[in-house]
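Here is the structure we will look at.
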Amino acid sequence: MSQRNPEISKGVDWSLVWLWALLSFIGIMAIFGVTYHEGDNVLQTFLRFRTDYSRQFYFFVASAFIGMFILLTDSKFFPATANLWYAAGILLILLVFPLGSKVKGTESIIKVGGSFQFQPAEFCKICVCLALAKYLSRPETDFRRTQSQLIAAGIALLPAAFSIMQSETGLALVYLSFFIVMYREGLSSAVLIIGFSIGTLIVATLLVEKNLLAIILTAIAAFVIYIMRRQIKRNRALLVNIVLLWGLCVGIQRFGVPFIFKHILATHQVERIFSTIGKDIPSEYKKVQKGDQVKVGVKKDVDYNVKQSKIAIGSGGFAGKGLLKGTQTRFDFVPEQRTDFIFCTIGEGFGFIGSLVLLVLYLVLLFRIVTVAERQRSVFSRCYAYGVGAVFFFHIAINLAMTVGLAPVIGIPLPFVSYGGTSLLTNTILLFILIRLDADRQMVLR
Amino acid sequence: MPVFNQSRSRIIKLIFTVAFLVILVQLFNLQVISGKYRKLAMDNAVYPKIVYPERGIIFDRKGKAILNNSIMYDMMVTPAEIKGIDTLEFCRMMEIDTAEFNRRILDARFKNTAVRPSIFEDLLTPELQVRFEENSWKFPGFVLVQRPVRVYPFKAAAHILGYIAEVSPKQIENSESFYRMGDYVGQTGLEAIYEKVLMGQRGVQYLIKDNKNRLVGSYEKGEFDTAAIAGRGLRTFIDIELQQLAEKLMTNKVGSVVALDPKTGGILAMTSGPNFNPNELTGPDKNKNYTRLVLDVSAPLLNRAIKGQYPPGSTFKPLGALIALDEGVINANYGFPCGGRYHGCGIGKPACTHSGGGHAATLRLSIANSCNSYYAHVYRLTVDNPKYKNVKDGYEKWHDYMNAFGLGVRLGIDLPSEDRGNIPDTAVYNREYRNQWNSCTNLTLGIGQDKMLATPLQLANAMCIVANKGYYYTPHFVDKIEGETEEDTALLNKYRKKHEVLTNISDLDYNEVIDGMQDVVESGTARIAKIPGIEICAKTGTAENFTFLDGKKLKLPDNSMFVCFAPKENPRIALAVTVENAGFGSTWAGPIARILMEKYLNDTIQEKSKADVERISNTDLMPKYYIRKQYITDSLRAVEWFKLTKDSSYIKKYVFENTTAPGPEENKEQGKQEKKESLVFRNVERSYRQKQFVRTT
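Same order as they appear, the protein sequences are chains A and B. My numbering applies: residue 20 is where the first sequence begins, and numbers increase by one. My numbering applies: residue 132 is where the second sequence begins, and numbers increase by one.
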């Protein structure tokens, strides 16, 4: 093929393609480890579409074709149609409202045909990536202006808002990753620092008793005023700022967080957040819903998933039990282990060594993407590359942190490894558009 | 190409790295540092299933299995699999109502979830099992599961064989947690003593279970499993036909029969009346039956052969004669002029059944006619022997003889909780009479009374010593253990050791006494025990006894005792028969012993004896005072019950015998515990009434 059409392979970053193939292979193997039953004919089940691993294999083949197709397109196509993609993405998300169906607690899925499900919010990541890159690369955009920054944030967060409305908080969180792109393009570090501080404040609110936290905050404010008393004497406005900041913090702590927990988050999300920090849910956040307490039967612990996931990973030990030897993952102790908790299979089967290899592979992928991003001549390509890297990073970090019990259970899949057609296709498209753009890195795209 | 803000790429890489490091540290913590997760995963997924071996079988001397294993069925239910069954039909088949059905299903769901099988009803009766198997296709979700149980094919030897039951928390503690909850362990009898041999070795099978605790296969293809090793069998000396006959003869009698083989100490038969069918304690009604047996004042669970303590009465006389002969205080020609009473101590006691006619002119005659005066006097001669300083030393010597005969000491039979009877030592009399006592004080020891108590086993064993002319083997049941190990040999060695305790007594002396005992049958008190063609040596006994009832000392009818061995030359069987409160030794105990000897020695019984078997087994000799005693204990329990629950219905029943008892319908609304309790009471009440009915007709 390369003989006939030398342009296709020219400039392609093969390391990314190899990483993609390797991770997908690990994914198929892990899914095989979960769903293979002793005595099944491997070849037969692999070729038929019946089992999950064979399905994932066919998804992989389909992804490969689409990837190839993307490599065949002109790289100018993407900046040219970026806004169109975005419009289509938003439209698809909006289509969920009339057409969506409820699957496993989320309402963000459209069923196409009989069994095929499609999640627009997943697909929309590509659109946002392209549209944000397009916006940031416009010659008329001056990203130092607050207005531009707000518009960029709006582009990134609009699908997230729709997503939340469809009870799909997990995916909505991923859209926050685009702040990394904006940061690279000049968003003030202060924004990231403030964002991080607010995060810390919220976690502190959950962990520390609220009156005590208020006293601590006041003490910090008083301490700062004392330290800065010289400057304050010269500049009265500074005092006002400090007091305002203090007021904001206490306000978030006393009213903001309770508001979010009472009115925005669903019961299961509140439960998961509190189970991650290892505390009981305060009575004020407990929501009594009709029909909730009538359920009779053995109710699993709120943190059952995480407990079993930790047991699975922990029992792998240093070297692991070997593929198909893991009792935790083989016998369905970990729920959702083909999809969101696929890492358990690797942790149990291949131990710390296997996990380390996977983590290194992912880190290499991310670093490679950053390197690729930095070598682009066009801003569009660079922004797009950072978008891809940021999305992957969020997925990987949150998913892994969740399986090892560092983050609340948020249902987002592990890129290329988790079972699921939409996820694999979306991530493949994201990556292959990047490879396509990178192949033309000497070209300035607008 | 210098790009604006390019340095930030490094910060972004840093953020990536830090996040990954945090995750890596947690992974290291989970997988390498913390060791608990591997065990947790094992606990989650691997279920060590205990495989119970088949319990050892107990055989009789002819190799018949007298305690065997059988299969009964538990009905299991998996609630989730019940679909479209006709509940009414099912309930009709099971003889329960729908409320009970629903309760059990709910119980199963609650205890074991809907997807796992739990017991719906345990140990189905054979009829129910057949009925269910015919219709099982109609009832998906219900299956029968085999459960091994012990069966007693001959329905005999309950006291000897014992039974198994679920291990108690105390037993678990004593075994240092060798046993686990739900294990079955021998509780009494041979089942308890030979528990280690019979139980075999438990195996473990490691099974994989899934997230709903369902077992889905073996772990690592059974690599770590250990196989169960079946319990080993016991070959005993018991002659099961003799045992059955003895039990038949003892129906509706209180007392016991012990038959020994003097040559080996092997126990041929041992029964205690009242008896019970051992199968009652294994089947579906075991708890109900056990309660009934425990509450019965005639104590059917008590093995009177080793725990019943009787004054031996005249059956002691041959021993008294042997001691006196050995001590040289009398010889075979010694005679005593008995006129119907013994006046040696000036009180004219004890009295004698015979008077005059020279019925105690020689030793042989005195045994044959069982002269009380003779033996009272012989006892005095023995303890007042001038060889010894005083009566206490003489008594001490006599006491040693008694212990040598196995009286007043535990023999060490292979059954739990054997009693040792009572031969008081000098200290007892010293205390009671402030050191002021002489041979007249405990004169009736010479005729087997006073404080002397012996178990039927001891009496039978003493007969062995006489028959063997001085030696015995410790009475025991087990002859051989299948696949005998060194440990087993050590256990059995004490039964294989010959105890030459009284070989110091000369054979001449033994022959005199044995001849006398033969005369007992030929021409003396036990002519009823004569069997044509067999030389039998025997001694009857008729011992006074008392009980305390309603705070008064009550004189009861005499105990009927009989000891014997046969044939005279080369003895093969020694017997001790006790029938409580039945009168003379020759009326009941004698014929019972004769029939048993006939059965064992001739392997068949003559027509006359067959008629006797029927006559004896159909005679009810249950002591009358038991009725009153049962009434007292039951009414006391009713009072306790009233104190606990303020439910006076039971008390009323006992106060006004004629008022109608509350029917079972009225109790229905009351609590479950109470129901159970009332069941117990109804049983007691029923058995009580039945007994009364028997007495009055």
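Note that beta-carbon positions come from the ideal geometry of N, C-alpha and C, so glycine has one too. Fair warning: this is a prediction, and the values are worked out from it, not measured in the lab.
Looking at the unbroken beta strand (DSSP E) that takes in residue i, where does it start and where does it end?
{"i": "residue 273 (chain B)", "result": "273 to 282"}
{"i": "residue 463 (chain A)", "result": "It is not in any beta strand (DSSP E) - residue 463 (chain A) carries neither H nor E in the DSSP assignment."}
{"i": "residue 225 (chain B)", "result": "Here residue 225 (chain B) belongs to no beta strand (DSSP E); instead the alpha helix (DSSP H) covers 218 to 225."}
{"i": "residue 199 (chain B)", "result": "196 to 208"}
{"i": "residue 399 (chain B)", "result": "397 to 404"}
Do the CB positions of residue i and residue j come within less than 8 Å of each other?
{"i": "residue 334 (chain B)", "j": "residue 184 (chain B)", "result": "yes"}
{"i": "residue 422 (chain A)", "j": "residue 328 (chain A)", "result": "yes"}
{"i": "residue 732 (chain B)", "j": "residue 659 (chain B)", "result": "no"}
{"i": "residue 552 (chain B)", "j": "residue 580 (chain B)", "result": "no"}
{"i": "residue 387 (chain B)", "j": "residue 709 (chain B)", "result": "yes"}
{"i": "residue 214 (chain B)", "j": "residue 284 (chain B)", "result": "no"}
{"i": "residue 446 (chain B)", "j": "residue 670 (chain B)", "result": "yes"}
{"i": "residue 367 (chain A)", "j": "residue 406 (chain A)", "result": "no"}
{"i": "residue 204 (chain B)", "j": "residue 255 (chain B)", "result": "yes"}
{"i": "residue 560 (chain B)", "j": "residue 575 (chain B)", "result": "no"}
{"i": "residue 362 (chain B)", "j": "residue 328 (chain B)", "result": "yes"}
{"i": "residue 321 (chain B)", "j": "residue 696 (chain B)", "result": "no"}
{"i": "residue 610 (chain B)", "j": "residue 570 (chain B)", "result": "no"}
{"i": "residue 734 (chain B)", "j": "residue 714 (chain B)", "result": "no"}
{"i": "residue 357 (chain A)", "j": "residue 50 (chain A)", "result": "yes"}
{"i": "residue 325 (chain B)", "j": "residue 333 (chain A)", "result": "no"}
Buried or exposed: residue i, going by 16 or more other Cβ atoms within 10 Å of its Cβ?
{"i": "residue 474 (chain B)", "result": "exposed"}
{"i": "residue 381 (chain A)", "result": "buried"}
{"i": "residue 449 (chain A)", "result": "buried"}
{"i": "residue 34 (chain A)", "result": "exposed"}
{"i": "residue 330 (chain B)", "result": "buried"}
{"i": "residue 730 (chain B)", "result": "buried"}
{"i": "residue 722 (chain B)", "result": "buried"}
Expressed to the nearest angstrom, what Euclidean distance is found between the alpha-carbon atoms of residue i and residue j?
{"i": "residue 348 (chain A)", "j": "residue 53 (chain A)", "result": "6 Å"}
{"i": "residue 264 (chain A)", "j": "residue 243 (chain A)", "result": "12 Å"}
{"i": "residue 308 (chain A)", "j": "residue 289 (chain A)", "result": "Confidence is the limiting factor: at residue 308 (chain A) the pLDDT is only 49, short of 50, which leaves the residue's position unreliable and the question unanswerable from this model."}
{"i": "residue 64 (chain A)", "j": "residue 182 (chain A)", "result": "36 Å"}
{"i": "residue 531 (chain B)", "j": "residue 201 (chain B)", "result": "49 Å"}
{"i": "residue 606 (chain B)", "j": "residue 437 (chain B)", "result": "11 Å"}
{"i": "residue 150 (chain B)", "j": "residue 199 (chain A)", "result": "14 Å"}
{"i": "residue 485 (chain A)", "j": "residue 220 (chain B)", "result": "In this structure chain A extends from 20 to 465, so residue 485 (chain A) is not present and cannot be described."}
{"i": "residue 288 (chain B)", "j": "residue 413 (chain B)", "result": "14 Å"}
{"i": "residue 496 (chain B)", "j": "residue 650 (chain B)", "result": "8 Å"}
{"i": "residue 460 (chain A)", "j": "residue 277 (chain A)", "result": "49 Å"}
{"i": "residue 261 (chain A)", "j": "residue 272 (chain A)", "result": "16 Å"}
{"i": "residue 452 (chain A)", "j": "residue 90 (chain A)", "result": "7 Å"}
{"i": "residue 657 (chain B)", "j": "residue 555 (chain B)", "result": "30 Å"}
{"i": "residue 768 (chain B)", "j": "residue 678 (chain B)", "result": "21 Å"}
{"i": "residue 789 (chain B)", "j": "residue 401 (chain B)", "result": "Model confidence at residue 789 (chain B) stands at a pLDDT of 42, short of 50, so the residue's coordinates are unreliable and nothing is read from them."}
{"i": "residue 319 (chain A)", "j": "residue 355 (chain A)", "result": "Since pLDDT at residue 319 (chain A) reaches only 49, below the 50 mark, its modelled position is unreliable, and the value read off the structure follows with that caveat. Residue 319 (chain A) and residue 355 (chain A): Cα-Cα distance of roughly 15 Å."}
{"i": "residue 230 (chain B)", "j": "residue 239 (chain B)", "result": "14 Å"}
{"i": "residue 163 (chain B)", "j": "residue 336 (chain A)", "result": "6 Å"}
{"i": "residue 640 (chain B)", "j": "residue 456 (chain B)", "result": "6 Å"}
{"i": "residue 399 (chain B)", "j": "residue 337 (chain B)", "result": "45 Å"}
Hey, could you find the ends of the alpha helix (DSSP H) residue i is sitting in?
{"i": "residue 31 (chain A)", "result": "Careful: residue 31 (chain A) lies outside any alpha helix (DSSP H) and carries neither H nor E."}
{"i": "residue 389 (chain A)", "result": "361 to 393"}
{"i": "residue 623 (chain B)", "result": "617 to 624"}
{"i": "residue 179 (chain A)", "result": "165 to 184"}
From the DSSP secondary-structure annotation, give me the bridge partner or partners of residue i.
{"i": "residue 258 (chain B)", "result": "According to DSSP, residue 258 (chain B) bridges with nothing at all."}
{"i": "residue 297 (chain B)", "result": "B:315"}
{"i": "residue 472 (chain B)", "result": "B:482"}
{"i": "residue 685 (chain B)", "result": "B:678"}
{"i": "residue 365 (chain B)", "result": "B:189, B:612"}
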